[in-house]
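Peer 1:
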Amino acid sequence: MIKPITREELLQRGDEAVALLRKMVSINSVSGKEEGVTDLINEFLISKGFQVQRCGENLIVISDDLSPDLPVLMLNSHIDTVLPSEGYTRDPFDSGNDNNVVLGLGSNDAGASVVSMIQTFIFFASAELPFRIMLLLSAQEENSGSGGISLALKNCPRVDAAVVGEPTKMKAAIAERGLLVIDAVAKGVSGHAARNEGVNALYIAVEDIDKLRNFRFDKKSDLMGDVKLSVTTIKGGNLHNVVPDKCSFTIDIRPTECYSNKEITTMLQQEVKSQLNPRNLNNKCSLTPPGSPLLKALEQADFETYVSPTTSDWMRLNCPAIKMGPGDSSRSHRPDEYVTKDEIISGIDGYIRFVNNLKF
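Its first residue numbered 1, the sequence shown is counted upward by one per residue in the working numbering.
1. Candidates Asn-238, Ser-230, Thr-232: which alpha carbon is nearest Ala-193's?
2. Considering only the alpha carbon of each residue, which of Phe-215, Ile-174, Asn-97 lies closest to Val-272?
3. From the DSSP output, in three-state form, read off Met-74 for me.
4. Could you name each continuous alpha helix (DSSP H) segment of 4 residues or more that falls completely within the region 259-283, going from the start of the chain to the end?
5. Checking the sheet assignment: what are the DSSP bridge partners for Ile-182?
6. Which one or two residues does DSSP pair with Met-24 in a beta bridge?
7. Considering Lys-359, what are the terminal residues of the beta strand (DSSP E) in which it resides?
8. Please determine, among Val-206, Asp-39, Ser-346, the residue with the shortest C-alpha to C-alpha distance to Asn-28.
9. Mapping DSSP to helix, strand and coil, what is Ala-152?
10. Between Thr-311, Lys-171, Phe-249, which has its C-alpha nearest Asp-208's C-alpha?
11. Taking the C-alpha atoms as reference points, what is the distance between Leu-45 and Gln-51?
12. Looking only at DSSP bridge pairs, what is Leu-135 linked to?
13. Identify the continuous alpha helix (DSSP H) that holds Val-307 and give its terminal residues.
14. Contact between the region 338-345 and the region 304-318 is defined here as three or more beta-carbon pairs at a separation below 8 angstroms; is this criterion met?
15. In whole angstroms, give me the CA-to-CA distance for Gln-275 and Thr-310.
16. Going by DSSP, which residues form a beta bridge with Ser-286?
17. Quick check: what's the CA-CA separation for Thr-81 versus Leu-229?
18. Out of Glu-142, Ser-330, Phe-303, state which residue places its alpha-carbon closest to the alpha-carbon of Ile-322.
19. Do you know offhand how far Val-72's Cα is from Leu-137's?
20. Does DSSP put Lys-296 in a helix, a strand or coil?
21. Quick one: is His-240 buried, meaning 16 or more other Cβ sit within 10 Å of its Cβ, or exposed?
22. Do Ala-139 and Gly-148 count as a contact pair if the criterion is CB distance below 8 angstroms?
23. If Gly-165 sits next to Val-114, beta carbons under 8 angstroms apart, how far is it from one beta carbon to the other, in whole angstroms?
24. DSSP three-state label for Ser-312, please.
25. Measure the Cβ-Cβ separation of Gly-236 and Leu-212 and say whether it is below 8 angstroms.
26. Should Glu-57 and Glu-43 be called a contact, given that it needs their Cβ atoms to be closer than 8 angstroms?
27. What residue from Asp-69, Ile-41, Met-224, Pro-68 has the CA that sits closest to Arg-54's CA?
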């Protein structure tokens with residue numbers, strides 16, 4: 001059953017969303033320290049008459065329905081932020097005085113998605129839909145912490161599909177690359193540089209880096225293209241007259257669905273002398289399954305789709321999903337972050353249009 005929203009109600013919900021977001025920005029909610037903003041949102045949802053389940057610093061609310069066997073659509077976004085960068089020209093916890101702009105840390109990533117999803121959930125809470133809606137606001141997304149969405153999902157009913165809220169300009173990501181970070185260590189033998197003694201670990205590392213730079217993966221994703229690989233840091237040597245016996249470097253890899261992170265690590269280890277140590281093998285790429293009701297809803301509601309180069313909590317999910325939200329990813333993790341009121345209003349409107357077009 002389609003439930004349209006009037007322009008007047010949309011503007012009212014936009015005002016309420018902006019007011020809540022300003023309060024959120026004023027509270028330090030760096031990953032692992034979300035208690036204050038969790039308290040704020042919890043109290044807000046309770047004031048709206050909802051029964052809220054708190055799991056650590058994650059919040060879960062499920063729409064009432066007499067048929068608990070109906071499919072469940074999850075609206076998910078994260079309430080935590082990164083640390084404010086040194087380049088801020090103003091207080092990162094001050095949202096400003098402009099009625100049309102919300103400034104401050106977390107306003108864009110992902111506070112705008114959080115408040116837009118809250119308003120969407122409230123709008124549909126009493127609607128007769130052929131599915132249930134669950135709102136899951138998660139912690140520790142920015143640091144992939146164990147107390148984040150993985151913990152919350154253990155305390156949730158089944159989830160049949162999900163929308164992950166991130167700043168995408170309300171374009172719908174139907175795939176996102178994974179993330180594989182590898183710490184590499186080249187080992188040599190120290191010696192006196194003047195006598196040309198030892199085995200220089202720097203040379204081993206440079207040779208390996210050159211191999212990685214020219215390495216090509218055989219399989220190419222139809223949707224995402226080639227696996228992307230970059231060496232991003234290097235460190236070795238302490239004294240000008242000592243041949244270094246150790247050189248470390250870091251490899252940043254953005255996988256596609258063609259290879260698992262374990263497969264990539266194994267393949268690269270066969271190419272280099274340095275020891276490769278992956279930090280995490282679980283940050284997989286994500287892909288909305290062909291034929292999914294989510295894709296059909298996007299098409300019917302005329303959403304633009306794309307492939308996202310960045311990761312999110314989508315990689316923690318085991319159900320079909322898309323990633324979509326108000327704001328601009330290019331503002332994330334940068335000084336003087338902001339989001340506009342118009343973007344939030346378009347976020348609420350977009351989420352409502354999507355839900356109205358979804359059919360399981």
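Just so it is clear, CB atoms sit at the ideal spot from N, CA and C, and this is done for glycine as well. Here the structure is a predicted model, which means the values were calculated and not measured.
Peer 2: Per the coordinate set shown:
1. Within the sequence shown, residue 193 is the residue found at index 193, counting from 1. The residue with the shortest Cα to Cα distance from Ala-193 is Asn-238.
2. As a first step, residue 272 is located in the sequence shown; it is residue number 272 there, counting from the start. Comparing Cα-Cα distances from Val-272 to each of Phe-215, Ile-174, Asn-97, the minimum goes to Phe-215.
3. Here residue 74 is taken as the residue at index 74 of the sequence shown, counted from 1. Here Met-74 sits in strand by DSSP.
4. 261-269
5. For the purposes of this step, residue 182 is taken as residue 182 along the sequence shown, with counting starting at 1. Ile-182 is bridged to Ile-251, Pro-278.
6. Within the sequence shown, the letter at position 24 stands for residue 24. Paired residue(s): none; Met-24 is not in a bridge.
7. Indexing the sequence shown from 1 puts residue 359 at position 359. It is not in any beta strand (DSSP E) - Lys-359 carries neither H nor E in the DSSP assignment.
8. Here residue 28 is taken as the residue at index 28 of the sequence shown, counted from 1. Nearest C-alpha to Asn-28: Asp-39.
9. For this step, residue 152 is matched to residue 152 along the sequence shown. Ala-152 falls in the helix class under three-state DSSP.
10. On the sequence shown, residue 208 is found 208 positions in, with the first residue counted as 1. Asp-208 has its Cα closest to that of Phe-249, out of Thr-311, Lys-171, Phe-249.
11. For the purposes of this step, residue 45 is taken as the residue at position 45 of the sequence shown. For the purposes of this step, residue 51 is taken as the residue at position 51 of the sequence shown. Their Cα atoms are separated by approximately 8 angstroms.
12. Locating residue 135 in the sequence shown gives position 135, where the first residue counts as 1. Answer by DSSP bridge pairing, in chain order: Val-61, Leu-75.
13. As a position in the sequence shown, residue 307 is number 307, starting the count at 1. First-last for Val-307: 305-308, but that is the beta strand (DSSP E), not the alpha helix (DSSP H).
14. no
15. Locating residue 275 in the sequence shown gives position 275, counting from the first residue. Locating residue 310 in the sequence shown gives position 310, counting from the first residue. Cα atoms of Gln-275 and Thr-310: separation of roughly 27 angstroms, rounded to the nearest angstrom.
16. Translated into positions along the sequence shown, residue 286 becomes position 286. Answer is Glu-176, bridged to Ser-286.
17. The residue you call residue 81 lines up with position 81 of the sequence shown. The residue you call residue 229 lines up with position 229 of the sequence shown. Each residue's Cα considered, the two are about 27 angstroms apart.
18. In the sequence shown, counting from the first residue as 1, residue 322 sits at position 322. Selected option, being the one with the closest Cα: Phe-303.
19. Position 72 of the sequence shown, counted from the first residue, corresponds to residue 72. Position 137 of the sequence shown, counted from the first residue, corresponds to residue 137. Spanning the two alpha carbons is a distance of roughly 16 angstroms.
20. Numbered from 1 along the sequence shown, position 296 holds the residue referred to as residue 296. Here Lys-296 sits in helix by DSSP.
21. Counting from one through the sequence shown, the residue named residue 240 turns up at place 240. That one is exposed.
22. Sequence index remark: in the sequence shown, residue 148 carries index 148 (1-based). Sequence index remark: in the sequence shown, residue 139 carries index 139 (1-based). Yes, these two residues count as a Cβ contact at 8 angstroms.
23. Position 165 of the sequence shown, counted from the start, is the residue given in the question as residue 165. Position 114 of the sequence shown, counted from the start, is the residue given in the question as residue 114. With a Cβ gap of about 7 angstroms, Gly-165 and Val-114 count as contacting.
24. Taking the first residue of the sequence shown as 1, we reach residue 312 at position 312. It is coil, neither helix nor strand.
25. For this step, residue 236 is matched to residue 236 along the sequence shown. For this step, residue 212 is matched to residue 212 along the sequence shown. Not in contact: Gly-236 and Leu-212 (Cβ atoms no closer than 8 angstroms).
26. By one-based count along the sequence shown, residue 57 stands at place 57. By one-based count along the sequence shown, residue 43 stands at place 43. Against a cut-off of 8 angstroms, the Cβ pair of Glu-43 and Glu-57 comes out as no contact.
27. What you label residue 54 is simply residue 54 of the sequence shown in a count that begins at 1. Ranking Asp-69, Ile-41, Met-224, Pro-68 by CA distance to the CA of Arg-54 puts Ile-41 first.
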